[in-house]
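Asker: With UniProt numbering, letter number 259 in the sequence shown gets 259, and the count goes up by one each step, no holes. C-beta atoms are modelled at their ideal positions from N, C-alpha and C, and glycine is treated no differently. Since the model is a prediction, treat every value here as computed from it, not as a measurement. What follows is a single structure, and I will ask about it in a moment.
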Amino acid sequence: MRYEAFYQQSIDEPEQFWAAQARLIHWESPPQQILDQSNPPFRRWFVGGTTNLCYNAVDRHLVERAEQLALVAISSETDVTREFSYRELYWEVNAFAAVLRSLDVGKGDRVVIYLPNVAEAVFAMLACARIGAIHSVVFGGFAAHNLALRIDDAQPKLLIAADSGMRGGKVIPYKPLVDAALNEASAPPSQVLIVDRGLDPQMTRVAGRDLDYAGLRRAHEGVEVPVVWLESNEPSYLLYTSGTTGKPKGVQRDVGGYAVAMALSIRTVFDIAPGQVMFSTSDVGWAVGHSYNVYGPLIGGATSLLYEGTPTRPDPGIWWQLCERYGVHTMFSSPTAIRVLKKQDASWLKKYDLSALKWLFLAGEPLDEPTAQWITDALGVPVIDNYWQTETGWPAITLMPGLELKPTKFGSPGLPAPGYKMKVIDENTGKEVAAGVKGVLVFQPPLPPGCLSTVWRDDDRYVHSYFSHFRELLYSSLDWAIRDEDGYTFILGRTDDVINVAGHRLGTREIEEVVASHPSVAEAAVVGVRDELKGQVPIVFAMLKQNAGADAGAVALAMQQRVVDQLGGVAKPSRVYVVNALPKTRSGKLLRRSLQALAEQRDPGDLSTLDDPVALDDIRRALERGP
Ligand code: ATP
Ligand code: MG
Numbered sequence: 001m002r003y004e005a006f007y008q009q010s011i012d013e014p015e016q017f018w019a020a021q022a023r024l025i026h027w028e029s030p031p032q033q034i035l036d037q038s039n040p041p042f043r044r045w046f047v048g049g050t051t052n053l054c055y056n057a058v059d060r061h062l063v064e065r066a067e068q069l070a071l072v073a074i075s076s077e078t079d080v081t082r083e084f085s086y087r088e089l090y091w092e093v094n095a096f097a098a099v100l101r102s103l104d105v106g107k108g109d110r111v112v113i114y115l116p117n118v119a120e121a122v123f124a125m126l127a128c129a130r131i132g133a134i135h136s137v138v139f140g141g142f143a144a145h146n147l148a149l150r151i152d153d154a155q156p157k158l159l160i161a162a163d164s165g166m167r168g169g170k171v172i173p174y175k176p177l178v179d180a181a182l183n184e185a186s187a188p189p190s191q192v193l194i195v196d197r198g199l200d201p202q203m204t205r206v207a208g209r210d211l212d213y214a215g216l217r218r219a220h221e222g223v224e225v226p227v228v229w230l231e232s233n234e235p236s237y238l239l240y241t242s243g244t245t246g247k248p249k250g251v252q253r254d255v256g257g258y259a260v261a262m263a264l265s266i267r268t269v270f271d272i273a274p275g276q277v278m279f280s281t282s283d284v285g286w287a288v289g290h291s292y293n294v295y296g297p298l299i300g301g302a303t304s305l306l307y308e309g310t311p312t313r314p315d316p317g318i319w320w321q322l323c324e325r326y327g328v329h330t331m332f333s334s335p336t337a338i339r340v341l342k343k344q345d346a347s348w349l350k351k352y353d354l355s356a357l358k359w360l361f362l363a364g365e366p367l368d369e370p371t372a373q374w375i376t377d378a379l380g381v382p383v384i385d386n387y388w389q390t391e392t393g394w395p396a397i398t399l400m401p402g403l404e405l406k407p408t409k410f411g412s413p414g415l416p417a418p419g420y421k422m423k424v425i426d427e428n429t430g431k432e433v434a435a436g437v438k439g440v441l442v443f444q445p446p447l448p449p450g451c452l453s454t455v456w457r458d459d460d461r462y463v464h465s466y467f468s469h470f471r472e473l474l475y476s477s478l479d480w481a482i483r484d485e486d487g488y489t490f491i492l493g494r495t496d497d498v499i500n501v502a503g504h505r506l507g508t509r510e511i512e513e514v515v516a517s518h519p520s521v522a523e524a525a526v527v528g529v530r531d532e533l534k535g536q537v538p539i540v541f542a543m544l545k546q547n548a549g550a551d552a553g554a555v556a557l558a559m560q561q562r563v564v565d566q567l568g569g570v571a572k573p574s575r576v577y578v579v580n581a582l583p584k585t586r587s588g589k590l591l592r593r594s595l596q597a598l599a600e601q602r603d604p605g606d607l608s609t610l611d612d613p614v615a616l617d618d619i620r621r622a623l624e625r626g627p
């Protein structure tokens with residue numbers, strides 16, 4: 001079916017549309033009502049239907065694809081690759097579920113999972129889903145304080161953690177972080193299940209609290225644990241947002257709606273048919289990891305590649321080598337990762353046979369044109385930007401090559417996905433703006449299946465954070481956007497990333513785009529800083545490409561000139577700092593608010609999700625040195 005008709009039906013006849021999509025998954029008992037909107041902005045999908053995410057991701061495939069690879073967990077850090085067929089996955093998940101049961105974990109109990117990208121993370125998630133426990137994966141490598149905050153919010157019965165993670169060849173012991181987090185938490189779980197990878201010989205255990213997974217697994221190997229059928233709207237998992245703008249929100253996902261959204265999107269957005277191979281480079285701790293490393297590909301009967309490591313170790317060809325080896329059909333990564341590769345020689349991408357590779361999807365942050373162009377040329381496959389949020393659980397704006405490939409437009413993730421009733425509105429009047437005019441991107445309720453049900457144990461925060469910005473009841477994405485004549489949406493940054501220069505409101509992202517188009521620039525961040533005369537002025541922090549050999553002073557001048565030429569004099573950056581690194585969240589998002597704070601000599605704020613503290617020192621030094 002063509003995209004327009006498909007999308008339009010999802011908006012005009014949502015119940016018929018979603019009733020048809022619901023057939024993509026197994027229901028133990030069918031929904032009684034497709035959509036309940038009696039209590040907006042809450043909504044319930046597939047009311048009364050019972051199903052189970054684990055059953056749909058694993059058991060259901062045993063008839064037709066038991067011997068097919070389900071999961072390949074590759075670590076370029078430990079140099080270990082583990083392959084699991086659907087049958088093997090079934091037994092691993094059952095053993096894990098049996099261990100959980102033996103620890104008295106049952107339906108509705110929360111389980112915090114603090115693991116790196118190892119196969120056990122997937123087993124643990126699916127095991128929770130199987131028995132109706134609510135998992136909350138916390139990105140391994142978050143500091144103790146982050147973990148403690150999430151533990152206090154989720155109040156888990158059990159914490160599952162690894163002894164260590166590894167990054168760039170260095171062992172990062174997790175266990176001391178776990179111990180510190182449990183000390184800090186006000187209601188810590190009484191049990192910790194440790195997946196011991198043997199990376200940290202110094203690891204200590206707390207007697208009576210810390211349990212070893214390997215031993216318990218052996219004791220439960222071969223046990224089959226019955227699936228617990230859940231009503232479609234019961235919680236399946238919690239996942240905290242990245243915290244780019246402040247305190248992370250505990251996004252609560254349902255069961256049935258999410259399963260249907262996964263089954264639909266893996267086919268129509270990611271173009272993955274059963275038996276094909278999907279390689280998402282995300283960490284399981286992010287929304288992409290949940291949806292497109294675990295639930296999406298497995299519900300879709302595909303093979304999912306899970307990768308622990310950096311894109312450049314052992315060499316910058318590693319991802320493409322894996323694409324060749326496993327015949328990857330769809331790859332999914334982030335602009336940040338591509339920018340890392342862009343600093344390397346493009347020949348690394350051309351060494352391998354990528355004939356099976358059809359698409360590269362990128363998401364999580366704006367995809368700037370130079371990066372998009374570079375990777376498109378280097379790979380020779382279409383690059384598909386997709387826009388979504390932890391809250392939405394799956395792409396809200398993208399192209400749907402599994403249905404019909406529409407032309408790509410650089411700078412735009414494309415068109416609305418099914419069920420997303422989108423508008424771009426004026427922030428003051430709340431009225432829809434004309435094509436080409438900037439406004440706030442909003443979704444009209446009901447949110448489609450797969451999107452958050454609420455904020456965990458905080459319905460008020462759900463209403464307040466997302467639905468209270470306008471007189472009309474609208475979900476605010478808190479992102480700026482423009483829609484063009486063809487209905488393509490361009491994301492212009494977050495509503496709090498705006499600079500007001502002498503009365504002109506400028507999106508930091510628009511300036512970044514221009515600055516980053518300079519051939520010597522690898523990446524740039526623009527923030528507004530206080531200025532006595534103009535209120536605010538834009539300043540630039542830029543990283544130059546390695547080996548570009550460019551003169552930093554000359555590049556800085558050229559960047560300023562480009563902005564003047566393309567956006568006008570008001571947008572001219574008043575200072576340009578050339579730096580070695582930019583501060584990012586662990587999920588790769590620019591921490592503009594911290595850059596801005598440092599530039600204004602304020603406290604950089606909540607740094608709990610900062611990836612590399614060294615980047616901030618570098619910024620401080622650059623500010624001291626001057627532009
Ligand atoms: P928090 O909500 O806690 O501040 P966060 O918004 O960074 O954190 P995520 O849900 O991980 O947490 O990120 C979603 C945001 O990422 C979007 O609202 C948008 O700002 C940005 N984003 C995601 N994909 C794209 C994309 N393709 N193009 C532009 N921006 C994107
Ligand atoms: Mg957000």
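For G528, write down the residues that DSSP places opposite it in a beta bridge.
Answerer: P538
Asker: Ligand 4 and T495: does the residue's C-beta get closer than 6 angstroms to at least one heavy atom of that ligand?
Answerer: In the structure on display, ligand 4 does not appear, and the ligands it does have are ligand 1 and ligand 2.
Asker: My output table needs one value for T429: the three-state DSSP class, helix, strand or coil.
Answerer: Note: T429 maps to coil in three-state DSSP.
Asker: Kindly list the residues whose CB is nearer than 6 angstroms to the CB of I160, restricted to its own chain and excluding five residues on each side of it in sequence; keep chain order.
Answerer: Here the set comprises I113, A124 and L193.
Asker: State the beta-bridge partners of S75 as determined by DSSP.
Answerer: V80 and E308
Asker: Note down the Cα distance separating E231 from P449, rounded to an integer number of angstroms.
Answerer: 14 angstroms
Asker: Can you grab the Cα-Cα spacing for the pair F332 / F279, in whole Å?
Answerer: 6 angstroms
Asker: Put T495 into one of helix, strand or coil per three-state DSSP.
Answerer: Of the three classes helix, strand and coil, the one that applies to T495 here is coil, per DSSP.
Asker: Could you have a look at K423 and say whether DSSP puts it in helix, strand or coil?
Answerer: K423: strand per DSSP, three-state reduction.
Asker: Looking only at its chain, what residues have a beta carbon closer than 8 angstroms to the beta carbon of Y258, apart from the 5 residues adjacent to it on each side?
Answerer: Take Y258, set aside five residues on each side of it, and the residues of its chain with a beta-carbon closer than 8 angstroms to its own are L53, S236, Y295, G393, P449 and G450, in chain order.
Asker: Cα separation between D612 and W320?
Answerer: Roughly 26 angstroms separates the two Cα atoms.
Asker: Between the alpha carbons of R150 and I134, how many angstroms are there, rounded?
Answerer: 13 angstroms
Asker: Tell me where the alpha helix (DSSP H) around W91 begins and ends.
Answerer: Y86 to S102
Asker: Quick check: does the Cβ of T241 come within less than 6 angstroms of any heavy atom belonging to ligand 2?
Answerer: yes
Asker: Where does E67 fall in DSSP's three states?
Answerer: coil
Asker: Below 8 angstroms CB to CB, which residues in the same chain sit around S265 once its five sequence neighbours on both sides are set aside?
Answerer: S291, G296, W394, P395, A417 and G450
Asker: Please return the same chain residues whose Cβ sits closer than 8 angstroms to the Cβ of residue 633, not counting the five positions on each side in sequence.
Answerer: What the structure shows of the chain is the stretch from 1 to 627, and residue 633 is not part of that stretch, so it cannot be assessed.
Asker: By the DSSP assignment, the beta strand (DSSP E) with L478 in it spans what residues?
Answerer: Y475 to R483
Asker: Do W348 and T330 have their C-beta atoms within less than 7 angstroms of each other?
Answerer: no
Asker: Are the Cβ atoms of A556 and V576 separated by less than 7 angstroms?
Answerer: yes
Asker: Give me the Cα-Cα distance between E432 and D458, rounded to the nearest whole angstrom.
Answerer: 30 angstroms
Asker: Taking Cβ to Cβ, would you say D377 is nearer than 7 angstroms to E513?
Answerer: no
Asker: Alpha carbon to alpha carbon, how far is Q202 from W27? Give it in angstroms, no decimals.
Answerer: 47 angstroms
Asker: Mind the definition here: the region 428-444 touches the region 465-473 only if three or more C-beta pairs lie below 8 angstroms; say whether that holds.
Answerer: yes
Asker: Provide the residue(s) that pair with S29 in DSSP beta bridges, ordered along the chain.
Answerer: T50
Asker: For F410, which residues from the same chain have a beta carbon less than 6 angstroms from its beta carbon, with the 5 sequence-adjacent residues on both sides left out?
Answerer: E369 and A372
Asker: Suppose you measure from the CA of G289 to the CA of V277; what does that come to, to the nearest Å?
Answerer: Cα-Cα distance, rounded: 15 angstroms.
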